[in-house]
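Since the structure comes first, as structure tokens, the remarks are kept for the end.
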Amino acid sequence: MLDQGAILELLREARAAKEFAYAPYSGFRVGACVLMEDGRIFSGCNVENAAYGDTICAERTAILKAVSNGSRTLVAIAITGDSAELTYPCGSCRQVIHEFAGPDTLVVVSDRELHYRVFPFHELLPGGFGRDQLRGPEKEERV
Numbered sequence: 844m845l846d847q848g849a850i851l852e853l854l855r856e857a858r859a860a861k862e863f864a865y866a867p868y869s870g871f872r873v874g875a876c877v878l879m880e881d882g883r884i885f886s887g888c889n890v891e892n893a894a895y896g897d898t899i900c901a902e903r904t905a906i907l908k909a910v911s912n913g914s915r916t917l918v919a920i921a922i923t924g925d926s927a928e929l930t931y932p933c934g935s936c937r938q939v940i941h942e943f944a945g946p947d948t949l950v951v952v953s954d955r956e957l958h959y960r961v962f963p964f965h966e967l968l969p970g971g972f973g974r975d976q977l978r979g980p981e982k983e984e985r986v
């Protein structure tokens, strides 16, 4: 479990990353920060695109930076946006978090003032689809 100091550090990093967001279409900037099992921290912001489907969220930016730098297991992710409401990860981001989540991964969601809530990841994506489902039972041999 992360203590309040560690949570606030991640949220401050997420808020700093939010300042680099490219959000000319929605006007909604988001920042995220991940703490990886090896102790490294990576942050990211959302980057929109005129072809909306090519937009990438802050959470995925931070996770992809971590993975591309050799980190694989996510301990925690902190997310903040421009809203007075808590900013939660979208469905696509929840799926990417699931791919790299450890058994105790935490998700910290906050509002623009950094008031926050902490969730065990499995509460945000119960019954998630992952590598275990792809392995499945042994394939039958064809005759």
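Here the sequence shown stands for residues 844 to 986, where the numbers follow my numbering.
Built from N, CA and C at the ideal position, the CB exists for glycine as well.
Please state whether DSSP places residue i in a helix, a strand or coil.
i: Arg960; result: strand
i: Gln976; result: helix
i: Arg985; result: Because Arg985 carries a pLDDT of 46, less than 50, the predicted location of this residue cannot be relied on, and the following value inherits that uncertainty. The answer is coil: DSSP assigns Arg985 none of H, G, I, E or B.
Are there 16 or more other CB atoms within 10 angstroms of the CB of residue i, so buried, or fewer, so exposed?
i: Pro946; result: exposed
i: Pro932; result: buried
i: Phe871; result: exposed
i: Glu856; result: buried
i: Thr948; result: buried
i: Thr930; result: buried
i: Ser869; result: exposed
i: Phe885; result: buried
i: Arg883; result: exposed
What's the C-alpha gap between residue i and residue j?
i: Ala894; j: Pro969; result: 31 Å
i: Asn892; j: Arg974; result: 30 Å
i: Tyr959; j: Glu942; result: 24 Å
i: Ala927; j: Ser953; result: 9 Å
i: Asp881; j: Ala919; result: 12 Å
i: Phe863; j: Thr904; result: 12 Å
i: Glu966; j: Arg937; result: 11 Å
i: Arg915; j: Lys861; result: 23 Å
i: Gly971; j: Leu878; result: 21 Å
Can you give the beta carbon distance from residue i to residue j, rounded, assuming they're within the 8 Å contact cut?
i: Thr898; j: Val910; result: Between Val910 and Thr898 the Cβ distance is about 19 Å, and since that is not below 8 Å, they are no contact.
i: Val951; j: Ile922; result: 7 Å
i: Ser935; j: Cys900; result: 7 Å
i: Val873; j: Gly924; result: 5 Å
i: Glu852; j: Ala875; result: Not really, about 14 Å apart at Cβ, beyond 8 Å.
i: Leu977; j: Ala944; result: About 16 Å separates the two Cβ atoms, so there is no contact after all.
List, from N- to C-terminal side, the alpha helix (DSSP H) runs of 4 residues or more that fit wholly inside the stretch 845 to 911.
Segments of the alpha helix (DSSP H) lying fully in the stretch 845 to 911: 847 to 861, 901 to 911.
Complete runs of the beta strand (DSSP E) confined to the stretch 913 to 974 [at least 3 residues]:
List check, beta strand (DSSP E) in window: 917 to 924, 944 to 953, 959 to 963.
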